[in-house]
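Visitor:
Protein chains: 2
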Amino acid sequence: MLRLTRRSEYGLMALAYLASRPREYCSVREIVEELKLPKRLLAEVLKDLSRAGTVEATRGPGGGYRLVRSAEELPLARVVEILEGPVAMTDCMAQTCELEASCIIQTGIGRVTSSIRNVLEDMTVAELLPASSEAPLAV
Amino acid sequence: MLRLTRRSEYGLMALAYLASRPREYCSVREIVEELKLPKRLLAEVLKDLSRAGTVEATRGPGGGYRLVRSAEELPLARVVEILEGPVAMTDCMAQTCELEASCIIQTGIGRVTSSIRNVLEDMTVAELLPASSEAPLAV
DNA sequence: TCGAAAAGCACCGAAATAGTGCTAAAATAC
DNA sequence: GTATTTTAGCACTATTTCGGTGCTTTTCGA
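Put into structure tokens, the structure is as follows:
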């Protein structure tokens, strides 16, 4: 149903949380307590985001994750791609499709796919936050 | 990964095919031969579309399915909704979400969801077809 | 009355997803 | 340098969704 996976959903929530605490390192424990998410799963997700370079991590007491750059520079598409692969409505769009020859809607689906990709490219993690909690500037 | 299900994919292909043969009844057999799709599955899909009133069926020899109204009046969103339920990026958007309280991105995700829904509302089955095969006016 | 075609119902297998367990490595505090 | 906090890595299980099929019934035309 065109759903995001939980990974993306949790990932976006966590990133939004980090965005509301700029430059602060937030531990997985803190985040899951705050957002009420399954700990190990969010840990997995943040690890992936870290590997992909959207967040940076430090270990040990006082450690955790923080955004590498401002949330305004982080499009949703980037997050979704990291956590669930390329944004494509059909396999055709992701790579190759055995139906090629008989597929009469290939180009049409291509247009839809890029429109949707555009929506996700244009919106950033910063915009996910309600206006109030946006950039509170608290250290 | 934000994918359509095969049901939607096959359904859209079949509808596009019907659109290229206006007012003609096309049997499942004919369609799957033409488009190289699994027969029983497409039958299932067309049955659902029929129940939902986007195509009409007649049985017996010479029977099959045809569009109830022109493909220009059939938005992709309608098809996807029939075949896989409401277009929603998260469960939150489809109905209720237990995280409500702790979910800081609810309104944000709501905005993305409606943008995507709009994309699918604005594009019709007619637009899926490459310009050449559009409305051939045969018969 | 025979054959073609949709309608209904129920089921199966495979793949993707959600989620967990455990151990290792790093950083800090004492 | 030892204990503690926290991320990193690896592997695994359970559940759900999805793709696909079988079989019977009903309808319609020839």
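Chains as they are written, first to last, in the working numbering: chain A, 121 to 259; chain B, 121 to 259. The C-beta atom is built at its ideal place from N, Cα and C for all residues, glycine as well.
1) Specify the secondary structure class of L187/A as computed by DSSP and reduced to three states.
2) Given that T210/B touches chain A, what residues does it touch there, using C-beta distances under 7 angstroms?
3) Which of the three DSSP states, helix, strand or coil, is assigned to T174/A?
4) Rank E241/A, G184/A and C223/A by C-alpha distance to the C-alpha of E153/B and give the top, closest one.
5) Could you pull the DSSP bridge partners for T244/B from this structure?
6) G131/A lies in the alpha helix (DSSP H); which residues open and close that run?
7) Is the shortest distance between the beta-carbon of P250/A and the beta-carbons of chain B less than 8 angstroms?
8) Can you tell me where the alpha helix (DSSP H) with I223/B in it begins and where it stops?
9) Quick check on the burial criterion: 16 or more other C-beta atoms within 10 angstroms. Buried or exposed for L166/B?
10) Can you check which of these residues, L161/B, L169/B, L122/B and L124/B, is closest to L138/B by C-alpha distance?
11) So, is the C-beta of I202/A closer than 8 angstroms to a C-beta in chain B?
12) Quick one: Cα of A134/A to Cα of L155/A, how far?
13) Apart from the five residues on each side of it in sequence, which residues of its chain come closer than 8 angstroms, Cβ to Cβ, to T178/A?
14) For the alpha helix (DSSP H) that contains L155/B, what are its first and last residues?
15) A258/A to A251/B, Cα distance in whole Å?
16) Let me make sure I understand the geometry here. Which of G180/A, A136/A, M243/A and C212/A has the alpha-carbon closest to that of S147/A?
17) For the alpha helix (DSSP H) that contains M213/A, what are its first and last residues?
18) Between the Cα of R189/A and those of R123/A, S128/A, R127/A and A136/A, spot the shortest distance and give me the residue it belongs to.
19) What's the gap between the Cα of L194/A and the Cα of D242/B?
20) Report, in whole angstroms, the separation of the C-beta atoms of L196/A and V232/B, which I expect to be a contact under 8 angstroms.
21) Using the beta-carbon of each residue, which ones in chain B are nearer than 7 angstroms to G228/A?
22) Nearest to L248/A by alpha carbon, out of L132/A, R126/A, M121/A and S128/A?
Guide: Quick look at the numbers:
1) Residue numbering aside, residue 187/A sits at position 67 when the first sequence is read from its first letter. The answer is strand: DSSP assigns L187/A an E or B state.
2) Against the second sequence, residue 210/B aligns to sequence position 90. What T210/B touches in chain A: R123, L124 and E129.
3) Mapped onto the first sequence, residue 174/A falls at position 54. Three-state result, T174/A: coil.
4) Numbered from 1 along the second sequence, position 33 holds the residue referred to as residue 153/B. Ranking E241/A, G184/A and C223/A by Cα distance to E153/B puts C223/A first.
5) As a first step, residue 244/B must be located in the second sequence, where it is residue number 124. T244/B pairs with P195/B.
6) What you label residue 131/A is simply residue 11 of the first sequence in a count that begins at 1. Per DSSP, G131/A belongs to the alpha helix (DSSP H) from R126 to A139.
7) Residue numbering aside, residue 250/A sits at position 130 when the first sequence is read from its first letter. Closer than 8 angstroms: yes.
8) Locating residue 223/B in the second sequence gives position 103, where the first residue counts as 1. According to the sequence shown, residue 223/B is Cys rather than Ile. Here C223/B belongs to no alpha helix (DSSP H), and DSSP marks it neither H nor E.
9) Against the second sequence, residue 166/B aligns to sequence position 46. It counts as buried.
10) In the second sequence, residue 138/B corresponds to position 18, counting from 1. Nearest of L161/B, L169/B, L122/B and L124/B to L138/B, Cα basis: L169/B.
11) Within the first sequence, the letter at position 82 stands for residue 202/A. No, no contact with chain B.
12) Reading the first sequence from its first residue, position 14 is the one you call residue 134/A. Reading the first sequence from its first residue, position 35 is the one you call residue 155/A. Their backbone Cα atoms lie some 8 angstroms apart in a straight line.
13) Translated into the one-based positions of the first sequence, residue 178/A becomes position 58. Answer for T178/A: Y145 and G184, listed in chain order.
14) The sequence position of residue 155/B within the second sequence is 35, counting from 1. Run containing L155/B: V148 to L155, per the alpha helix (DSSP H) assignment.
15) Indexing the first sequence from 1 puts residue 258/A at position 138. Indexing the second sequence from 1 puts residue 251/B at position 131. Confidence in A258/A is poor, its pLDDT being 41 and thus under 50, which makes the residue's placement too unreliable to answer from.
16) Working through the first sequence from its first residue, we reach residue 147/A at position 27. Out of G180/A, A136/A, M243/A and C212/A, G180/A has the C-alpha closest to the C-alpha of S147/A.
17) The residue you call residue 213/A lines up with position 93 of the first sequence. Unbroken alpha helix (DSSP H) run through M213/A: D211 to A214.
18) If you number the first sequence from 1, residue 189/A lands on position 69. The candidate whose alpha carbon is nearest that of R189/A is A136/A.
19) Position 74 of the first sequence holds residue 194/A. Position 122 of the second sequence holds residue 242/B. Going from the Cα of L194/A to the Cα of D242/B covers about 27 angstroms.
20) Taking the first sequence and counting its residues from 1, one reaches residue 196/A at position 76. Taking the second sequence and counting its residues from 1, one reaches residue 232/B at position 112. That pair is a contact at about 7 angstroms.
21) Position 108 of the first sequence, counted from the first residue, corresponds to residue 228/A. The answer, in chain order, is E247, L248 and L249.
22) Position 128 of the first sequence holds residue 248/A. Among L132/A, R126/A, M121/A and S128/A, the Cα nearest to that of L248/A belongs to L132/A.
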